[in-house]
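Visitor: Here the protein sequences line up with chains W and B, keeping their order. Residue 171 in the numbering used here sits at position 171 of the first sequence; the count goes up by one each step and never skips. Residue 197 in the numbering used here sits at position 197 of the second sequence; the count goes up by one each step and never skips.
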Amino acid sequence: MFTRALSGNTPQENSADPQIKMRVQNLDFYYGAFRAIAGVTMDIPEKSITAIIGSSGCGKSTLLRTFNRMGDLVGHTRVRGSVTLDGDNIYDRNVDVVLVRRRIGMVFQRPNPFPKSIFDNVAYGPRLLGVGGKELEQIVEQSLRDAALWDEVKDKLHQSGLALSGGQQQRLCVARTIAVKPEVILMDEPCSALDPIATYKIEELMIQLRNEYTIVIVTHNMQQAARVSSLTAFMNMNPDRAGVLVEFGPTTQIFTNPAKKETEDYITGRFG
Amino acid sequence: MPRDTFEKQVNDLKKTLLELGRVTQQTIVEGVEALKTRDRVMAQSLIAQDAGINRMRYDIEERAYKLIATQQPLASDLRGIIAILLVAIELERIADHSKNLGEIVLRMGDEPLLKPLIDIPRMAEIGESMLSQVLDAFSRNDAEAGRAVCLRDDELDSLYKQVFRELMTFVMEDPRTVTRALNLLFAAHNLERIGDRITNIGERVIYAATGHLEELNVEAPPAAK
């Protein structure tokens with residue numbers, strides 16, 4: 001449950017399958033009367049990277065945002081179906097949305113550090129949770145280390161986060177996300193604004209982080225999905241322009257021998 | 001189509017591969033013909049052709065690498081290009097086996113044949129026909145046809161065993177025939193290996209068409225004594 005008393009990293013007892021971190025069932029998402037996502041069902045395994053690919057406008061980012069109720073922030077939206085984390089539906093009425101977003105963090109397409117120092121960027125979340133002093137410093141250092149940024153910024157922690165390069169800013173955002181110890185990290189095109197070297201650094205980081213976190217990444221870069229993820233979901237639009245899940249399976253299979261022609265057509269570039 | 005240039009490059013590559021296949025097929029015909037007629041000129045021309053065949057293989061390899069590096073093909077495109085790459089290597093090796101027949105002809109000089117050639121030309125005929133079938137299966141992306149061709153490898157294997165037994169009897173009767181026997185055995189061995197390489201091509205046809213890697217014609221290990 002997402003009450004403050006029950007937060008934590010341990011899977012809940014009522015989780016149907018300890019290997020499955022999140023379970024999406026028959027999920028529909030509406031912007032007003034428009035159904036943007038239709039009938040998505042998928043299981044996201046724990047401590048692994050799941051990639052979502054598909055053409056522009058097919059609902060990948062919308063789907064990703066339903067995983068931590070970011071859709072709630074847009075007016076006139078509605079969800080049908082369920083998204084569970086360790087067996088608990090994050091859309092239950094008594095759920096604390098703030099806690100959902102603490103357990104399920106997010107990194108966005110463009111690096112968006114706060115206009116604050118590097119230290120304060122990472123310390124922001126833990127401070128809100130009442131952490132301070134030595135413990136806060138330790139969390140900041142550890143988060144920056146985990147985000148593979150510490151060595152580059154340790155001597156300038158009090159400089160503005162905005163003074164960093166794009167790739168460093170994105171790793172700072174990852175550090176900020178993991179500082180509150182989420183269980184799941186959602187990444188929405190995290191490398192689309194980065195050069196290849198910065199991209200590889202983020203990918204290496206994802207590969208390291210998957211030992212501790214469950215990661216779901218939306219990407220337009222199919223090679224990136226192929227490089228980092230163990231499972232890949234391919235989404236497409238149905239005739240009503242709603243996003244549907246066409247195929248979901250092991251990444252190797254999706255990229256070498258997809259089961260559906262629609263997937264094959266998309267990944268071989270014969271789409272549309 | 002959004003990837004016209006890519007498709008054209010893949011189709012051109014496939015055409016070059018089939019051309020290499022056609023040339024390779026011809027080397028089997030010429031190899032056994034040179035052996036039957038003891039035609040040293042033909043044998044020499046066969047040996048001389050090999051460098052050109054190697055160049056064709058490297059050209060295919062280079063173009064396949066370039067496509068992989070620049071186009072990042074996936075799914076059936078990826079399997080198709082990998083198959084082209086591997087089939088080119090097998091074809092070049094088949095041509096090497098044919099070249100070996102030419103070298104045997106030169107090595108035999110004017111020495112009379114140990115026995116009339118019956119099974120060896122039959123082996124070449126089967127090998128050539130298998131190669132023609134497997135290339136056809138490849139061009140049609142037909143996994144079943146690829147699998148069917150490989151079944152014929154057993155015919156080559158049993159003919160090879162037959163040639164081996166027969167030549168051994170000659171050697172046992174008269175050990176002085178050993179060199180002449182070995183020349184023929186070496187010729188049969190090369191033709192038997194051609195069958196194995198065609199089986200490898202059949203496996204690539206299946207992979208390109210279905211995405212499944214399977215090993216065909218696996219011989220059971222010899223029973224423990």
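Each residue gets a CB set at the ideal place from its N, CA and C atoms; glycine is no exception.
Taking Cβ positions only, does B/L74 come closer than 8 Å to chain W?
Guide: Yes, because at least one Cβ of chain W sits closer than 8 Å to the Cβ of B/L74.
Visitor: Given this structure, state the Cα-to-Cα distance separating W/E13 from W/D43, to the nearest angstrom.
Guide: In this predicted model, W/E13 has a pLDDT of only 40, less than 50, meaning its place in the structure is not dependable enough to derive any value.
Visitor: To which residues does DSSP link W/S117 through a beta bridge?
Guide: Answer is W/S160.
Visitor: Just to make sure I have the definition right: I need the residues of chain B whose C-beta is within less than 7 Å of the C-beta of W/N236. Which are they?
Guide: Simply none; closest approach about 15 Å.
Visitor: Can you tell me which of B/L216, B/M168 and B/I120 puts its alpha carbon nearest to the alpha carbon of B/H189?
Guide: Out of B/L216, B/M168 and B/I120, B/I120 has the C-alpha closest to the C-alpha of B/H189.
Visitor: Out of W/S117, W/Q109 and W/L129, which has the shortest C-alpha to C-alpha gap to W/L99?
Guide: That would be W/L129, whose Cα lies nearest to the Cα of W/L99.
Visitor: Run through DSSP, which three-state label would W/T10 get?
Guide: Below a pLDDT of 50, predicted positions are generally treated as unreliable, and W/T10, at 39, falls in that range; the measurement from the model is reported next regardless. Coil at W/T10, not helix or strand.
Visitor: State the Cα-Cα distance for the pair W/N121 and W/L186, rounded to the nearest angstrom.
Guide: Distance between the alpha carbons of W/N121 and W/L186: 18 Å.
Visitor: Could you check if B/M172 is buried or exposed, using at least 16 other CB atoms within 10 Å of its CB as the buried criterion?
Guide: Counting Cβ neighbours within 10 Å, B/M172 comes out exposed, since fewer than 16 surround it.
Visitor: Apart from the five residues just before and just after W/P126, which ones in its own chain have a Cβ nearer than 7 Å to its Cβ?
Guide: L136, I139, A179 and V180, listed in sequence order.
Visitor: Name the DSSP beta bridge partners of W/L27, please?
Guide: W/L27 pairs with W/V40.
Visitor: Check the DSSP bridge columns for W/D188 and list the partner residues they point to.
Guide: Answer is W/V218.
Visitor: Along chain W, in chain order, which residues have C-beta atoms closer than 8 Å to that of B/L305?
Guide: Summary: the structure shown does not reach residue 305 of chain B, with chain B confined to residues 1 through 225, and so no result is reported for it.
Visitor: Check whether the Cβ atoms of B/L91 and B/R57 sit closer than 8 Å, and answer yes or no.
Guide: In this structure, B/R57 lies closer than 8 Å to B/L91 by Cβ.
Visitor: Could you say which of B/I28, B/Q72, B/F138 and B/G21 lies nearest to W/I267 if we only look at CA atoms?
Guide: Minimum Cα distance to W/I267 is reached at B/Q72.
Visitor: Measuring from the CB of W/R80, is there a heavy atom of the ligand NAP at a distance below 7 Å?
Guide: In terms of ligand content, the structure shown is empty, and the ligand NAP therefore cannot be addressed.
Visitor: Kindly list the residues whose CB is nearer than 7 Å to the CB of B/I84, restricted to its own chain and excluding five residues on each side of it in sequence; keep chain order.
Guide: The answer, listed in chain order, is L13, K14, L17, I60 and A64.
Visitor: Strictly under 8 Å for the Cβ-Cβ distance: is W/N257 near chain B by that measure?
Guide: Closer than 8 Å to some Cβ of chain B, the Cβ of W/N257 qualifies, so yes.
Visitor: Under 8 Å, with one C-beta from each stretch per pair, do the segment 143-159 of chain B and the segment 41-56 of chain B reach the 3-pair mark?
Guide: Short answer: they don't touch.
Visitor: So the candidates are W/R35, W/A225, W/P239 and W/Y30; which of them puts its Cα closest to the Cα of W/Q253?
Guide: Comparing Cα-Cα distances from W/Q253 to each of W/R35, W/A225, W/P239 and W/Y30, the minimum goes to W/A225.
Visitor: Between W/R110 and W/G87, what straight-line distance do the alpha-carbon atoms span, to the nearest angstrom?
Guide: For W/R110 and W/G87, the distance between alpha carbons rounds to 32 Å.
Visitor: I need the straight-line Cα distance from B/I201 to W/I20, nearest angstrom please.
Guide: Spanning the two alpha carbons is a distance of roughly 41 Å.
Visitor: Mind checking who W/A51 pairs with in its DSSP beta bridge?
Guide: W/I217 and W/T232, per the DSSP bridge assignment.
Visitor: From the beta carbon of B/G211, is the nearest beta carbon of chain W less than 8 Å away?
Guide: Yes, because at least one Cβ of chain W sits closer than 8 Å to the Cβ of B/G211.
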